[in-house]
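2 protein chains.
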Amino acid sequence: MRIELICFGSELLKDKVNSNVCHIAERLERIGLTLDRVVTVGDARREVKFALRDSLRRAQILITSGGLGPTFDDLSCESVAQVLGRPLQFSPTVMRAIVNRFRSAGLEMPEENKKQAFLIRGSQVIVNRVGTAPGQIVKDRGRTLILLPGPPKELIPMMEDSVIPYLKRFSKSSILSLTLHIFGFPESEVDERIKPVVEKNWDQKDISVTFGILAHHSIIDVKVKVQGKSPQKCGQVLLSIKKELHGILGQDVYGENEETLESVVGKILKKRKETLSIAESCTGGLIADKVTDVPGSSQYFLEGLVTYSDESKVNLLGVRRETLKRYGAVSEPVAKEMAHGILKRSQSDWSISCTGIAGPTGGSSTKPVGTVCFGIASKHGVSTHTKFFHAPRPETKQKSALTALDILRRTILY
Amino acid sequence: MRIELICFGSELLKDKVNSNVCHIAERLERIGLTLDRVVTVGDARREVKFALRDSLRRAQILITSGGLGPTFDDLSCESVAQVLGRPLQFSPTVMRAIVNRFRSAGLEMPEENKKQAFLIRGSQVIVNRVGTAPGQIVKDRGRTLILLPGPPKELIPMMEDSVIPYLKRFSKSSILSLTLHIFGFPESEVDERIKPVVEKNWDQKDISVTFGILAHHSIIDVKVKVQGKSPQKCGQVLLSIKKELHGILGQDVYGENEETLESVVGKILKKRKETLSIAESCTGGLIADKVTDVPGSSQYFLEGLVTYSDESKVNLLGVRRETLKRYGAVSEPVAKEMAHGILKRSQSDWSISCTGIAGPTGGSSTKPVGTVCFGIASKHGVSTHTKFFHAPRPETKQKSALTALDILRRTILY
Chain A
1 MRIELICFGS ELLKDKVNSN VCHIAERLER IGLTLDRVVT VGDARREVKF
51 ALRDSLRRAQ ILITSGGLGP TFDDLSCESV AQVLGRPLQF SPTVMRAIVN
101 RFRSAGLEMP EENKKQAFLI RGSQVIVNRV GTAPGQIVKD RGRTLILLPG
151 PPKELIPMME DSVIPYLKRF SKSSILSLTL HIFGFPESEV DERIKPVVEK
201 NWDQKDISVT FGILAHHSII DVKVKVQGKS PQKCGQVLLS IKKELHGILG
251 QDVYGENEET LESVVGKILK KRKETLSIAE SCTGGLIADK VTDVPGSSQY
301 FLEGLVTYSD ESKVNLLGVR RETLKRYGAV SEPVAKEMAH GILKRSQSDW
351 SISCTGIAGP TGGSSTKPVG TVCFGIASKH GVSTHTKFFH APRPETKQKS
401 ALTALDILRR TILY
Chain B
415 MRIELICFGS ELLKDKVNSN VCHIAERLER IGLTLDRVVT VGDARREVKF
465 ALRDSLRRAQ ILITSGGLGP TFDDLSCESV AQVLGRPLQF SPTVMRAIVN
515 RFRSAGLEMP EENKKQAFLI RGSQVIVNRV GTAPGQIVKD RGRTLILLPG
565 PPKELIPMME DSVIPYLKRF SKSSILSLTL HIFGFPESEV DERIKPVVEK
615 NWDQKDISVT FGILAHHSII DVKVKVQGKS PQKCGQVLLS IKKELHGILG
665 QDVYGENEET LESVVGKILK KRKETLSIAE SCTGGLIADK VTDVPGSSQY
715 FLEGLVTYSD ESKVNLLGVR RETLKRYGAV SEPVAKEMAH GILKRSQSDW
765 SISCTGIAGP TGGSSTKPVG TVCFGIASKH GVSTHTKFFH APRPETKQKS
815 ALTALDILRR TILY
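Quick look at the structure:
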C-alpha cells in the first residue's frame, strides 16, 4: 500500500513551515500506514499537474493538501479533474454550506467562492467545519485520491473526522504505541539502559515491535510501537514491555504520552493537596509560566517571584546581603535562602528556587556562563543543587526550568 | 535556474518536523533564488536513487539534506555517486578532521565513521564545523549538486558559511527585503491601510516589488521584497517604501526584521535609563519570561511577581481585600492596584500588571473566559485596559503577554 502526499503552495517553498506533513505522517503511522514520499510544489499549473501525474504512477493512495481556495492560483481541484479526465460538477449542497458560512459571519459570499462548490464528478465530500473549502475523496482505477485544504486548522479536524476513519480500511494491522518521557540523561545512556528490553522484544511471532529514542531539550522520549493482526495480543505485548521499561528506568520516567513535567508535578501536588511557590532569577518567570500552563494550576500554585536584581532578592525573599557578598548571587547558599524565603513568605508546602548565569555574558572562570543553582524547600528542609549547561540563553532558560521541575518531582516522590 | 531539494530520512515521513526546507527556502529567497520543488523520501535505496534521477532530469541546482551519517542507512553520498557514474574516493584530509573531532571529545573514532571520509570524485568539500559529516559540491554536466547533512545544527552553519556564498553566483539580481511588525490589529485592517503603498509601488521599471502579509499570534508582519539588477536602485526603492509605510502605520509598527516586542521595549528603557517591574496573574510569569529572554535585560528589569492567588495579591502587592471582593480579581481596579503595588515595592520607573481568566474554565456571563485586564503605572499615574481573547489557554497567555508589552511600549513613547 504505497501512500504519497503532495503539498501545493508557493508559500511552502518560501518561508512557511509545513506542519501538515508531520501531522499527516503521524496520524497515518498511528493506524499502521506509512507515508512513502512527500512532494512540495508551488502553485504553477505545470508543476501541479506534473506532480499529480508523477505520483499517480506509483501511489495507491494519494493525499493532497492546499490549492482548494477560491482564488485563481488555487489549482488542485481542477488539476486533479483534468489529470483523471473527469469533469467538475456543481454541488448545490456545498454551495449552500458556503453561503451559510458567510451569512453566519454577517457577510455576503464573494463571487469568487462559488468556485469551491464545483467538485470532481463522482467524488465524496469531506465536510470542512472550519473553512469554506470542502475536501474530496475520489476513487479512480483502484487508486484513492484525497484532496484536503492547506490551512492546518482546517486540515487537522478533517483528518480526524473523515480521512483517518476512511483510511483505517486499508490498514491490515492494529497498532499500539507508548511514549515514555525521561529528563536529564544523555540519549546514549538511556539507549544503553533499555537495550536488554529492546533486544528481548525486537522480533516476536506475528507481532512487530519497534523502539525509537528521540531527544529534545534534555528530554528523552522512548517510543514503543507494537503492530500485529490481533489487537488483544498487541495490547498484551505492549503492557509487558511497559512493565519491563518501568522496571529498568524506575523514577527516571517522569511521564507517558501527552504528559509534561509540569502536568505531572501538578498531578502529584493536587493528589497530596499540597501547594507550591517559586523564586526565580535566571529563568525569569519561565518555571512559573510552565506551571501555569496546566489548567487548574491555581489549585496548587500560590505565587512566583522573579527576583532579578540583588535588591529584590534581599527585599522580597530575605536573602542576606552577607550571603550575596560572600558567595555571589549564583550560589547554592543564595538558592537556599531564596527557597526558604519564598516558602516562608507564601506559606506553601513546597518551593523551588533557581539562580544562574543564562549568558551570553556574565560568566567567570569559577562560575562560567550556564552555571545554575537550584533549591527545593519544604517543612522537611532545603536541598540545593548546581548544574552546568552549555547552550544559548533561551535553551539554558528552558533546561533550567525543566531541571527545577524534575528535581521537585523527585524530591516529592522520594 | 531551476532549484530542487531532496530531503532524505525515514524520520521525516514519521513524526519529525523538517525545518530544513523552510531554512533553505528562506536563505535562497534572500539572495534572489527560488526553490521550485521539494521531495522527501525515506532511507530505502530504491527511493533515494529514484528521487535523485528524477530531480536531475529537471534541476540545474539540486540540494540534498540528510543521509550523510556513518550508518548503513545513510545512502546519499554513494547513491549520488552511482547516479552520476562516479567513483568514491578516500580523502585523508577529511579522515583526519573526523579523527580529530572524536579525539578532542576524548573519544576514539568508531570504525563506521571511516565511511564519511569517502567522497564523490571531483567534489569540493564543505567543511562541517559542528559534526563529522562533510558536505560536498559536485559539478556534473552543467548541473550543480550540493550534499548537506540532515541535522539543522550542522546544515545551518554550512548554508551560511559555504552554500549561500557559493550560490550567489547564480543569482542575477539583488534582493533587499524588510519586515515591519505590527501588534494587535486584524490582518485585513493592516492590508487595507497599506493598500495605497502597495498599489503605488507594485510595478516599477526594472524593479520587482513584492508585498506580503503574515499573521501569527496577533502579530502582523508586513514583508516587502525589492528585486532588481542595480543594488543601489533597490536600496532607494526600499527606503522610499519604508518611509511611506512608516508614514501610514506610525507607532503601530513596533519593530523591524529581527526585533521583538520585548527587545524593543528593552531598547527604549535602556536608552531612557529607566527600570521595569511586573505583576502577573493569568500570564503566570510569561511576561517576565519574555522580558528576560533579551540579553542584558538585568540592566532595566528589576523584579516580577506572579501573584496567582488572591492572598498573594494582598500580601505582596497590597491589593485591598475590599477591591477584590467588590470587583473580583479580574478587574481594572485590581489591575490598577497591582501595578501600583509593584511600582511602589520595587521603586521601578515603570510597571505592568495583568490579571485575567486564561481558561478553559473560570468564566462567567459578565466576565467570560479570555477576559484580561492590564495596568501600566509610572510616577505619572496608572492607566488600565481590558481585552477579550477567544483562544485556548496557552494562546490567551501569549496574547496577553504581548498585549501588556505593547501597551507599555505605547505608553512610554506617548
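Quick mapping for you: the protein sequence lines, in order, are chains A and B. To convert, note that position 359 of the first sequence is 359 in our numbering; the numbers rise steadily by one, no gaps. Numbers in our numbering are just positions in the second sequence, counted from 1, shifted up by 414. Cβ atoms here follow ideal geometry from the backbone N, Cα and C, with glycine treated the same way. A quick note: this is a predicted structure, and the numbers were derived from the prediction, not measured.
Ser55 (chain A) is outside the set of residues whose beta carbon lies under 8 Å from a beta carbon in chain B. The criterion of a C-beta distance shorter than 8 Å is satisfied by Leu276 (chain A) and Ser351 (chain A). By the criterion of a C-beta distance shorter than 6 Å, Glu303 (chain A) is surrounded in its chain by Ser277 and Ser346, once the five residues flanking it on both sides are discounted. Boundaries of the alpha helix (DSSP H) around Phe516 (chain B): Pro506 to Ser518.
A direct Cα-Cα distance of roughly 37 Å separates Lys225 (chain A) from His804 (chain B). Put simply, the backbone Cα of Val306 (chain A) is about 13 Å away from that of Gly341 (chain A). By the Cβ criterion, the segment 440-450 of chain B is not in contact with the segment 523-539 of chain B, since fewer than three pairs of Cβ atoms, one from each stretch, lie closer than 8 Å. Between Cys436 (chain B) and Lys16 (chain A), the C-beta gap is smaller than 8 Å, which places the two residues in contact. In terms of Cβ geometry, Leu180 (chain A) and Leu245 (chain A) form a close pair [threshold 8 Å].
The residue from A:Phe170, A:Ala51 and A:Ser79 with its alpha-carbon nearest to that of Met1 (chain A) is A:Phe170. With a threshold of 8 Å between beta carbons, Asn20 (chain A) makes no contact with chain B. Between the alpha carbons of Ile6 (chain A) and Arg451 (chain B) lies a gap of roughly 11 Å. In this chain, the beta strand (DSSP E) harbouring Ala791 (chain B) covers Thr785 to Ser792. In the structure shown, Lys367 (chain A) adopts coil according to DSSP, grouped into three states. Around the beta carbon of Thr361 (chain A), fewer than 16 other beta carbons lie within 10 angstroms, which makes this residue exposed. Counting C-beta pairs with one atom in each stretch, the segment 556-576 of chain B and the segment 608-624 of chain B have fewer than three that are closer than 8 Å, which means they do not touch.
Tyr668 (chain B): member of the beta strand (DSSP E) spanning Val667 to Glu670, first to last residue.
Neighbours of Ser726 (chain B) across chain A, judged by C-beta separation under 7 Å: Leu302, Glu303 and Ser346. Counting only residues of its own chain and dropping the five nearest sequence neighbours on each side, Cys282 (chain A) has a CB closer than 8 Å to the CB of Val330, Cys354, Thr355, Gly356, Ile357, Ala358, Val372, Thr396, Lys397 and Ser400. For Thr64 (chain A), no CB of chain B lies under 8 Å from its own CB, so it is not counted at the interface with that chain. Secondary structure note for Glu725 (chain B): it is in no beta strand (DSSP E), and the uninterrupted alpha helix (DSSP H) holding it is Asp724 to Leu731. The shortest C-alpha to C-alpha distance from Asp575 (chain B) to any of B:Thr558, B:Arg543, B:Leu816 and B:Pro563 is the one to B:Arg543. In the three-state reduction of the DSSP assignment, Glu274 (chain A) falls in the coil class.
Of all residues in the segment 21-48 of chain A, only Val21, Cys22, Ala25, Glu26, Glu29, Thr34, Leu35, Asp36, Arg37, Val38, Val39, Thr40, Val41, Gly42 and Glu47 place a beta-carbon less than 8 Å from a beta-carbon of chain B. Straight through space, the alpha carbons of Gln503 (chain B) and Ser537 (chain B) are spaced by roughly 10 Å.
Contact annotation: Gly285 (chain A) and Gly699 (chain B) have beta-carbon atoms nearer than 8 Å. Non-local C-beta neighbours of Val334 (chain A) in its own chain, meaning closer than 8 Å and more than five positions away in sequence, comprise Lys313, Val319, Thr323, Leu324, Tyr327, Gly328, Thr355 and Cys373, ordered along the chain. Beta-bridge annotation (DSSP): Ala391 (chain A) is not paired with any residue. Inclusion of Gly499 (chain B) and Ser490 (chain B) in the CB contact set at 8 Å is not warranted, their separation being larger than that value. In this chain, the beta strand (DSSP E) harbouring Asp635 (chain B) covers Ile633 to Gly642. Closest option to Phe211 (chain A), judged by alpha-carbon separation, among A:Phe185, A:Leu178, A:Lys205 and A:Asp140: A:Leu178. For Arg393 (chain A), same chain residues with a beta-carbon under 7 Å away, outside a window of 5 residues either side, are Ala358, Gly359 and Pro360 in chain order.
When secondary structure is reduced to three states using DSSP, Ser173 (chain A) falls in the coil class, being assigned neither helix nor strand.
Residue contact with chain B for Asp221 (chain A): absent (no Cβ-Cβ distance below 8 Å to any residue of chain B). Separation of Leu52 (chain A) and Val80 (chain A) (C-alpha to C-alpha, rounded to the nearest whole angstrom) is 7 Å.
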